[in-house]
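Using my numbering, count along the sequence shown one by one with no gaps and you end on 384.
Glycine residues also receive a C-beta, built at the ideal position from the N, C-alpha and C atoms.
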Amino acid sequence: MKDYKALTQKYEIDVYPRRDVVLVKGKGARMWDDQGNEYIDMSSGISVANVGHSNDKVVEAISNQAAKLITCANIFYNDTRALFLEKLFSITPNNLTKAFLTNSGTEAVEAAIKFARLTTKKTKFISAMKGFHGRTMGALSATYKKEYKEDFEPLVPGFSSVPFNNFEKLAAAVDDDTAGIILELVQGEGGINIGSEEYFKAVRKLCDEKNILLIIDEIQTGFCRSGKMFAIEYYGIEADMMMLAKSIGGGFPMGVLLCSDKIKAGPGKHGSTFGGNPLACAAGIAAIDFMLENKLWEQAEAKGKYFLEKLSAYNLTAVREIRVFGFMIGIELKDKSQPVIIELLKRRILSLPAGTTVLRLLPPIVISYEDLDTVITNLVEILQ
Ligand SMILES: Cc1ncc(COP(=O)(O)O)c(C=O)c1O
1 MKDYKALTQK YEIDVYPRRD VVLVKGKGAR MWDDQGNEYI DMSSGISVAN VGHSNDKVVE
61 AISNQAAKLI TCANIFYNDT RALFLEKLFS ITPNNLTKAF LTNSGTEAVE AAIKFARLTT
121 KKTKFISAMK GFHGRTMGAL SATYKKEYKE DFEPLVPGFS SVPFNNFEKL AAAVDDDTAG
181 IILELVQGEG GINIGSEEYF KAVRKLCDEK NILLIIDEIQ TGFCRSGKMF AIEYYGIEAD
241 MMMLAKSIGG GFPMGVLLCS DKIKAGPGKH GSTFGGNPLA CAAGIAAIDF MLENKLWEQA
301 EAKGKYFLEK LSAYNLTAVR EIRVFGFMIG IELKDKSQPV IIELLKRRIL SLPAGTTVLR
361 LLPPIVISYE DLDTVITNLV EILQ
């Protein structure tokens, strides 16, 4: 058998801190390595496989579309793209009426930054401390973590960050040149930090008063992860633009920037070769259909609650706090999360960090209660 680790290490430039496992297969909430070992996946490819790995409906849609048409430039109309847009707008907030289709989350953020400047004729953006919005130069400017940014400066000028969920600090940072405020509703990478309804209502009002665009990043929270189709449904506010990606294509690379009627664009102002390609759109239709047919948001809510109730029943000495929003689970530890992640891997459970001390669990929403029980039993043994 080929040494896949050695091949990757030889040829791929070194940017990812990798776990010592070669994953070759997935189905639902299970994954397999190249030795045939089976794992419970509590990471979903970082909230990508919400509908489960190699979901039958998604596999069938991609296969059928691949046999028909794989690529279609955006200068032409395409049937699958049109049907995807119709499907997408049947589930997204009503005030968002137009989409720009991308291949990833960071590209959707880039599009938002450009359209915000074009629309407002202003240049500055405010985002939140501990926020994460991607790694390309514009999105990175809105991302908080110093280690991600310091070697790449100067980034895009005009970006500043303020404490999350603190309205006074945000209001004080606004000036006449503020084009947009870019925020997650629940910070994922930052450690499952949950924004309050009061905060977001105040931010919305401020944006209206000062002609600033409210740009909401639902790349991680979107598509049932939060216990609703979109987390914004909890907050009673409207976004001027909203970014989606990750699980939108059932695992296939895709992203979207949704825009309200306020947002200006125009031919030639932006574009993408692969954005909205037929394969991604076919996958997206199938993934959304699966979510609707299975009321996946209800499953996320119920399973998140179940997990929290069961785990909270134990006195876990290594744990400072457990934060759950829908089926986003953040277990804040008293010490670093990395040893726990490695121990879970030894026990064939795939998990994620968020920052240095938070263990983040984003299971495929289709995961069984039996698998959740197995994970809880193992967590209790490790964390007690
Ligand atoms: C909230 C949020 N925004 C943006 C991104 C960037 O998305 P992508 O990795 O697809 O570029 C991520 C990815 O983790 C994310 O969680």
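(request) Would you identify the three-state DSSP class for residue 378, choosing helix, strand or coil? (result) Residue state for residue 378 is assigned as helix, using DSSP reduced to three classes.
(request) Identify which residue in 201, 169, 165 has its Cα closest to the Cα of residue 194. (result) Checking every option, the nearest Cα to that of residue 194 belongs to 165.
(request) Look at residue 391 and residue 328 and say whether their C-beta atoms are less than 7 Å apart. (result) Nothing about residue 391 can be read from this structure; the chain reaches only from 1 to 384.
(message) Within a Cβ cutoff of 6 Å, which residues of the same chain sit near residue 191, ignoring the five residues on either side of it in sequence?
(response) Non-local C-beta neighbours of residue 191 in its own chain, meaning closer than 6 Å and more than five positions away in sequence, comprise 330, 354, 355, 358, ordered along the chain.
(request) Within the region 88-139, note down every full alpha helix (DSSP H) run reaching 4 residues or more, in order along the chain. (result) List check, alpha helix (DSSP H) in window: 105-120.
(request) Taking only runs that begin and end inside the region 162-191, name each unbroken alpha helix (DSSP H) of 4 or more residues, in chain order. (result) Within the region 162-191, the complete alpha helix (DSSP H) runs of at least 4 residues are 167-173.
(request) Return yes when the C-beta of residue 325 is under 6 Å from any heavy atom of ligand 1, and no when it is not. (result) Residue 325: no, Cβ never under 6 Å from ligand 1.
(message) Residues in the same chain with beta-carbon distance under 7 Å from residue 321, minus the five sequence neighbours each way, listed in chain order, please.
(response) Only 332 meet the Cβ criterion.
(request) Tell me whether residue 101 is buried or exposed, calling it buried when 16 or more other Cβ atoms sit within 10 Å of its Cβ. (result) Result: buried.
(message) If distances are taken between C-alpha atoms only, which option among 288, 179, 48, 144 comes closest to residue 162?
(response) If we check each option's Cα against that of residue 162, 144 comes out closest.
(request) Say whether the region 7-17 touches the region 204-223, bearing in mind that this needs 3 or more beta-carbon pairs closer than 8 Å, one atom from each stretch. (result) Counting Cβ pairs under 8 Å, fewer than three are found: no touch.
(message) Suppose contacts are defined by Cβ-Cβ distances below 7 Å. Is residue 134 in contact with residue 109 by that definition?
(response) Cβ atoms of residue 134 and residue 109: closer than 7 Å.
(message) Does the structure place the region 360-376 close enough to the region 50-61 that three or more beta carbon pairs sit under 8 Å?
(response) Two segments are said to touch when three or more pairs of C-beta atoms, one from each, lie closer than 8 Å; by this definition the region 50-61 touches the region 360-376.
(message) Between the alpha carbons of residue 169 and residue 31, how many angstroms are there, rounded?
(response) Distance between the alpha carbons of residue 169 and residue 31: 44 Å.
(message) Per the DSSP calculation, residue 193 is bridged to which residue(s)?
(response) In the DSSP secondary-structure assignment, residue 193 is bridged to 187.
(message) Here's the rule: buried if 16 or more other CB atoms are within 10 angstroms of the residue's CB, otherwise exposed. What is residue 17?
(response) Residue 17 counts as exposed, since fewer than 16 other beta carbons sit within 10 angstroms of its beta carbon.
(message) Whole angstroms are fine: how far does the CA of residue 177 sit from the CA of residue 306?
(response) Distance between the alpha carbons of residue 306 and residue 177 is about 46 Å.
(message) With the cut-off set at 7 Å, would you say residue 43 and residue 383 are in Cβ contact?
(response) In this structure, residue 383 does not lie closer than 7 Å to residue 43 by Cβ.
(request) Take residue 197 and list the residues in its own chain whose beta-carbon comes closer than 6 Å to its own, dropping the five residues that flank it on each side. (result) Taking residue 197 as the centre and dropping the five residues before and after it, the same chain places the C-beta of 235 closer than 6 Å to its C-beta, in chain order.
(message) Can you tell me where the beta strand (DSSP E) holding residue 251 begins and where it ends?
(response) Unbroken run through residue 251: none, as it is neither H nor E.
(request) Specify the secondary structure class of residue 354 as computed by DSSP and reduced to three states. (result) Strand.
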